[in-house]
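Residue numbers (my numbering), protein chains in the order written: chain A, 4 to 354; chain B, 4 to 354; chain C, 4 to 354; chain D, 4 to 354. Just so it is clear, CB atoms sit at the ideal spot from N, CA and C, and this is done for glycine as well. Beneath this line is the structure, given in structure tokens, with notes to follow.
Now the structure itself:
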């Protein structure tokens, strides 16, 4: 039996590099040799035991690689082709996928998210891709691994926040939190035609990158109350769309409080605890407010479109890759990322 | 000075019939002689002091009447014409109206609702209509006052709940609470093509009327847990759209709990206190859930469309008018309605 | 080799019953034993040589049947289950399906239509279903074959016309031609909330069925000019949505001429020759007119929804099945249907 | 009686500068002192007698100016304020405006276009603005007249083409013709998130400006067949959206021929003659093709948004103003513009 190195969840507080068998390729599957992957904030939730997964599971859901083998029935691809796969791997053929809800594949909440959640993930030398026909997308010539590394998750998620907000040309948009997903939401808001983008964070390096992504105004929430400041900037009008990109009661509530009547809150955060809506912040239910929650869109068409964005040069996400580690050193990478040291945004991991 | 009888808010607990001056008609206004009006649940909130208005204000926002006088600049109408006016009276010409958000006219939350809220209302012999050019709609021949009496508010609101839910042909829809607005939401869901409508209430008479409005399945929440029952009926799939038509934490939360992944909660209730979302009910923010809040759509085009619905016979709202009172007896009508006695749904008030 | 009877296209003017081999079931396929099928207007185009297909092809794309065998990898179904399959059989996994354009599967125009077009069809004892995982839908208990026989094509197409028109509550809608698809468009318009539906045809029996489907006003185009009549009925306003359900220059142009400014033409017809738009009918391009063309939506979720509509009793399409033939007599059925004799609407064919 | 200079349509071939009375200001009106205006391609249609207007009418529909006087009932503005007004001046209060179709105000085709069409226009020292409450928008500080001169018509129209096409992030878009409106459509497509924009024209200067507006690929139709070239570039896939910005049979038909199945043709041109759709270009009606025609959106909210776009610096339309003339020399300006001499795109006219 061939083996490979892989980052495995052992117990709360412990993700370690282990030797695991290279998976067998069944009908409809593909085996990818990973060339680059990365660590997501969600992986830190798993590490901390906040999001429970099965001990022994390989973690990671952001794969860039090369096709190593194709299962029976997978057509139109060839071994050796460079591909990415979305963090979400919809089947494309269930009632829910065919109704357009691919992220909720199978009609189970979060059902489309399998890698590093319900099946082995991408922080390994090899990755078995289910529903390969629906999920493999060839990387356009001339794009490097790092250029497409954000497509599987954070670019798809962040852009999804802008899309779910139905941002229109000329909109004013606020984005709360400028971690990797918030930064992609900022880039997505600009791509959709928002012409005044106000972002909120406190880390200077993040606010700097935010400006590169399209932020017109940055607010350090430690220096000024962001709700007051946004209402002041908009002459009391409020914003058309507020994007929540952190997952806390405070940022969610602040989003509600900066919305114009009939505005839209687009929520990307993964929340813990419970979420409360003060009634004055939603006009007791009479404000024509919309709240949209969005899970990372996946599938090969989504990946194709996102790589087109990268190829066009419209958006440059290179500044998000701040660190590089070998897979052999992934435990160090986790340590750095979990503690948000050294201005880390995203870490490229190469087996 | 000519005077008229009118139902006036005096203080919490007290709405009384008084003599008030007949309003003067300024440019852009119209004066309507009220022929029929009604009492809304919101008026009861006002009566109880839960929704504060200025003492001395005439209450009511559901007018059917005849044009008595037209202000300068109002064209295309004539004195003596039978008309209705929506509960919401948008100006049509502010930035927000022109952006399609007529209920939030002026960019103020609930800004379009003026009658019996910020200006004198319809429970009187005469009503002054602001922005008359945008708000008067002629009643089609052959329709009685009672047939169109629901159009200004509850039909517009209830249908709005179905519309904001983006109900599609073949959807399964749950409606929580079958008071007048919930019943109209049920009728609206049927009109939009829902093919399985499940409603929840406990008053037998309301559940009976619900069936007339299009409910396929009725659940008495005192007999069965509605969340469990709806999940059972839908084989665990959940509903495409859940409509909240009461304004309580429990019904709001139940709506969340019966939604399918990627489902839509369409909220019509006026809430008090605060609203909490348990994270399991929204998949921690990852369920692609949408929450839409809707205030009664107003304006003359809306009223024209709703009266077309009545004229078509597609929906028969006559069963909603359960009682009739003279304006002289409106204090008795309030007493009956506030206490929900005698199976009351809506009361026609005639000056 | 097992054989079966099947209606085979031989040459223009000739579709004959032949013995053909029962297909083998490959991975991802399903074999259906047909219990009921029908003949479509498109089959007549094939018969006449107007729509070219390969000689030797089995015709038909409206299957109701029982699962006879399941190919490798098809899960969640069992042999003996009663199922329908849409006329359009999308793969669910190509870029175009995953972008929501299932009828144009593979990015080829009309690419989703395979049965009786590019692969053997349903007018036979057995049918091989490609992409079975995406296309088999179980028939709800209690529904007969004939009740669901319209789902695979004409109900899906007709309803699609109402959906693509974005019909809203209170709309006035015109439907030109009341053959089987036009009748389903009328039923769909009603389901979507149109409150004044005006239909145009000349066959009395069709106009009668149209009233059962929801038509409020019927116009015999031989008795009155339908454009003038519709403009008269709408007081010169025009209709919100016009649905073309025949496929001729005259009906297409008439649709344009009855539209209100900013109205929508929803086109279902299969045209021959070329289509011309007189500029006055489209305000020289400045009328904010929309033209939507729609191919029959397919896939298992669509079929599930349509059978829900049937099960709900909201729409009763039984009057559309006017004749019944055995598969053995299908040549006679073609003769009757091609000549539109005896008031035929749809013919149920049973092997 | 005060008089003013104005460009007046006399007869086909003749627009001349004349003295005309300064208009009186009635209730609801505003009088604007024009500081900058421009000539539109539509004005050339009027000049040539191709689009008939009443002799004696003042031409022009692109006003930038200063409020000189406000009629009774117009509030929230003050004399001396710098404002623009859209080419389209909806009332905001008719059934059609309140239904969201402001460009078709009054339910008459092109009903919202009044300036220089049904009432006196902006190529004059003063302009009377109807429905002023719905149509005046204050110019943000720091923006020059020329910076906002494109907002009233060509920017609104061009962006409207991108919006009606429902362009999504990652779309490939073709724009046929790069005159002023086509260039704005290109800029709008980029703002909406198109990541591959292919434009077609033949004038080198226009193709150069197109690149500044966001074109990724330019095609000179005299050097290459644009349909073949676009299909080649897209690997036979076709474009998601094609925008027609000229108004000829050839460009319209080319748009159809480069569309992917289920693509959208967004039409901005003003056509003459008639328009023909070859059936192969629309898959005989079965291609799920959409055709949207768009008239310039107007009203004060639209103008507010467009000036926000200018203020944001996201789009720089300065290169479109290639020439400047005094109002006194407007006849020369017409001569230059009508003959498209000297690389003219737009001419700023200052009284």
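Please check the pair residue 121 of chain B and residue 353 of chain B, which I expect to be a contact at CB under 8 angstroms, by giving their CB distance rounded to whole angstroms. Position 118 of the second chain, counted from the first residue, corresponds to residue 121 of chain B. Position 350 of the second chain, counted from the first residue, corresponds to residue 353 of chain B. Incorrect: roughly 26 angstroms between the Cβ atoms, too far for contact.
Selection from A:263, A:264, A:281 and A:244 that minimises the alpha carbon distance to residue 253 of chain A: In the first chain, the residue the question calls residue 253 of chain A occupies position 250. Here the closest residue by C-alpha is A:281.
Hey, quick one: how far does the alpha helix (DSSP H) through residue 214 of chain B stretch, first residue to last? Numbered from its first residue, the second chain carries residue 214 of chain B at position 211. Start and end: 207–216.
Would you kindly work out how many angstroms separate the C-alpha atoms of residue 185 of chain D and residue 67 of chain D, rounded to a whole number? Here residue 185 of chain D corresponds to residue number 182 of the fourth chain, with the count starting at 1. Here residue 67 of chain D corresponds to residue number 64 of the fourth chain, with the count starting at 1. Taken atom to atom, the span from the alpha-carbon of residue 185 of chain D to that of residue 67 of chain D is near 22 angstroms.
Using a Cβ cut-off of 7 angstroms, pull out every chain A residue sitting near residue 198 of chain D, in sequence order please. Along the fourth chain, one-based indexing puts residue 198 of chain D at 195. Near residue 198 of chain D (Cβ distances below 7 angstroms), the residues of chain A are 311, 312, 315 and 317.
Mapping the DSSP letters down to three states, classify residue 223 of chain D as helix, strand or coil. Stepping through the fourth chain from its first residue, residue 223 of chain D is reached at position 220. Residue 223 of chain D: strand per DSSP, three-state reduction.
Measure the Cβ-Cβ separation of residue 263 of chain C and residue 241 of chain C and say whether it is below 8 angstroms. For the purposes of this step, residue 263 of chain C is taken as the residue at position 260 of the third chain. For the purposes of this step, residue 241 of chain C is taken as the residue at position 238 of the third chain. One thing to note: residue 263 of chain C has its Cβ within 8 angstroms of the Cβ of residue 241 of chain C.
Given residue 61 of chain C as reference, the closest of C:79, C:131, C:285 and C:167 once Cα atoms are compared: The sequence position of residue 61 of chain C within the third chain is 58, counting from 1. Nearest of C:79, C:131, C:285 and C:167 to residue 61 of chain C, Cα basis: C:131.
Quick check on the burial criterion: 16 or more other C-beta atoms within 10 angstroms. Buried or exposed for residue 92 of chain B? As a working note, residue 92 of chain B is residue 89 in the second chain. Its Cβ being crowded by 16 or more others within 10 Å, residue 92 of chain B is buried.
With a cut-off of 8 angstroms, do at least 3 Cβ pairs link the segment 306–324 of chain A to the segment 286–296 of chain A? no
Starting from the beta carbon of residue 263 of chain C, find every residue of chain D whose beta carbon is closer than 7 angstroms, and list them in chain order. Position 260 of the third chain, counted from the first residue, corresponds to residue 263 of chain C. Simply 110.
If you measure between the beta carbons of residue 30 of chain A and residue 74 of chain A, is that distance less than 8 angstroms? Indexing the first chain from 1 puts residue 30 of chain A at position 27. Indexing the first chain from 1 puts residue 74 of chain A at position 71. In contact: residue 30 of chain A and residue 74 of chain A (Cβ atoms closer than 8 angstroms).
Using three-state DSSP, classify residue 1 of chain D as helix, strand or coil. Residue numbering for chain D in the displayed model covers 4 to 354; residue 1 of chain D lies beyond these limits and cannot be assessed.
Going by the CB atoms, is the gap between residue 208 of chain D and residue 221 of chain D shorter than 8 angstroms? Within the fourth chain, residue 221 of chain D is the residue found at index 218, counting from 1. Within the fourth chain, residue 208 of chain D is the residue found at index 205, counting from 1. Not in contact: residue 221 of chain D and residue 208 of chain D (Cβ atoms no closer than 8 angstroms).
Nearest neighbour of residue 284 of chain B, chosen from B:261, B:296 and B:303 [CA to CA]: Looking up residue 284 of chain B in the second chain gives position 281. Checked all of B:261, B:296 and B:303; the closest Cα to residue 284 of chain B is B:261.
At a CB-CB cut-off below 8 angstroms, which residues of chain A make contact with residue 104 of chain B? Against the second chain, residue 104 of chain B aligns to sequence position 101. Neighbours of residue 104 of chain B on chain A, chain order: 264, 265 and 291.
If distances are taken between C-alpha atoms only, which option among B:116, B:206, B:236 and B:216 comes closest to residue 360 of chain B? This structure leaves residue 360 of chain B out entirely; chain B is present only between 4 and 354.
Limits of the beta strand (DSSP E) - the one that residue 24 of chain B falls within: For this step, residue 24 of chain B is matched to residue 21 along the second chain. Taken as a continuous stretch (DSSP letters only), the beta strand (DSSP E) holding residue 24 of chain B covers 17–24.
Identify each residue in the segment 134–152 of chain A for which the Cβ-Cβ distance to at least one residue of chain C is less than 8 angstroms, and report them in chain order. Those residues of the segment 134–152 of chain A that come within reach of chain C (Cβ to Cβ, closer than 8 angstroms) are 134, 136 and 137.
Is the segment 36–53 of chain A close to the segment 6–24 of chain A, with three or more CB pairs under 8 angstroms? yes
CB contact check: residue 182 of chain C to chain D, cutoff 8 angstroms: Along the third chain, read from residue 1 onward, the residue named residue 182 of chain C stands at position 179. No, residue 182 of chain C does not count as interfacial toward chain D.
Which residues in chain A sit within 8 angstroms of residue 76 of chain C, going by Cβ to Cβ distance? For the purposes of this step, residue 76 of chain C is identified with residue 73 of the third chain, where counting begins at 1. In chain order: 30, 31 and 76.
Thinking just about the alpha-carbon of each residue, which of D:171, D:307, D:215 and D:128 is nearest to the one in residue 89 of chain D? As a working note, residue 89 of chain D is residue 86 in the fourth chain. Checked all of D:171, D:307, D:215 and D:128; the closest Cα to residue 89 of chain D is D:307.
Interfacial residues, the segment 239–273 of chain B to chain A, with Cβ spacing under 7 angstroms: 240, 250, 263, 264, 265, 270, 272 and 273
Helix, strand or coil at residue 110 of chain A [DSSP, three-state]: Here the question's residue 110 of chain A lines up with position 107 in the first chain. DSSP places residue 110 of chain A in the helix class (H, G or I) of the three-state scheme.
Could you pull out every residue in the same chain whose Cβ sits closer than 8 angstroms to the Cβ of residue 19 of chain B, ignoring the five residues on either side in sequence? Translated into positions along the second chain, residue 19 of chain B becomes position 16. Contacts found: 10, 11, 13 and 334.
Could you spell out where the beta strand (DSSP E) holding residue 12 of chain C opens and where it closes? Along the third chain, one-based indexing puts residue 12 of chain C at 9. Note, residue 12 of chain C: beta strand (DSSP E), 6–14.
Less than 8 angstroms separating the beta-carbons of residue 35 of chain D and residue 71 of chain D? Locating residue 35 of chain D in the fourth chain gives position 32, where the first residue counts as 1. Locating residue 71 of chain D in the fourth chain gives position 68, where the first residue counts as 1. Yes.
Please list, in chain order, the chain C residues whose beta carbon lies closer than 7 angstroms to that of residue 98 of chain A. Walking along the first chain from the start, residue 98 of chain A turns up at place 95. Listed by position along chain C, the residues whose Cβ is nearer than 7 angstroms to that of residue 98 of chain A are 303, 304 and 307.
Interface residues of chain B around residue 275 of chain A at Cβ under 9 angstroms? As a first step, residue 275 of chain A must be located in the first chain, where it is residue number 272. Under the 9 angstroms cutoff, chain B gives 282 and 287.
Kindly indicate which three-state DSSP category residue 169 of chain D falls into: helix, strand or coil? Translated into the one-based positions of the fourth chain, residue 169 of chain D becomes position 166. Note: residue 169 of chain D maps to coil in three-state DSSP.
Suppose you measure from the CA of residue 27 of chain B to the CA of residue 78 of chain D; what does that come to, to the nearest Å? The residue you call residue 27 of chain B lines up with position 24 of the second chain. The residue you call residue 78 of chain D lines up with position 75 of the fourth chain. Going from the Cα of residue 27 of chain B to the Cα of residue 78 of chain D covers about 20 angstroms.
Express the C-alpha separation of residue 259 of chain D and residue 119 of chain D in angstroms, rounding to a whole number. As a first step, residue 119 of chain D is located in the fourth chain; it is residue number 116 there, counting from the start. As a first step, residue 259 of chain D is located in the fourth chain; it is residue number 256 there, counting from the start. Each residue's Cα considered, the two are about 33 angstroms apart.
Note down, in chain order, every chain A residue with its Cβ under 9 angstroms from the Cβ of residue 214 of chain D. For this step, residue 214 of chain D is matched to residue 211 along the fourth chain. Residues of chain A passing the Cβ test: none, with the nearest at roughly 13 angstroms.
Does any residue of chain D bring its CB to less than 8 angstroms from the CB of residue 114 of chain C? Along the third chain, one-based indexing puts residue 114 of chain C at 111. Yes, its Cβ sits closer than 8 angstroms to a Cβ of chain D.
Could you pull the start and end residues of the alpha helix (DSSP H) that residue 340 of chain D belongs to? Stepping through the fourth chain from its first residue, residue 340 of chain D is reached at position 337. Note, residue 340 of chain D: alpha helix (DSSP H), 333–341.
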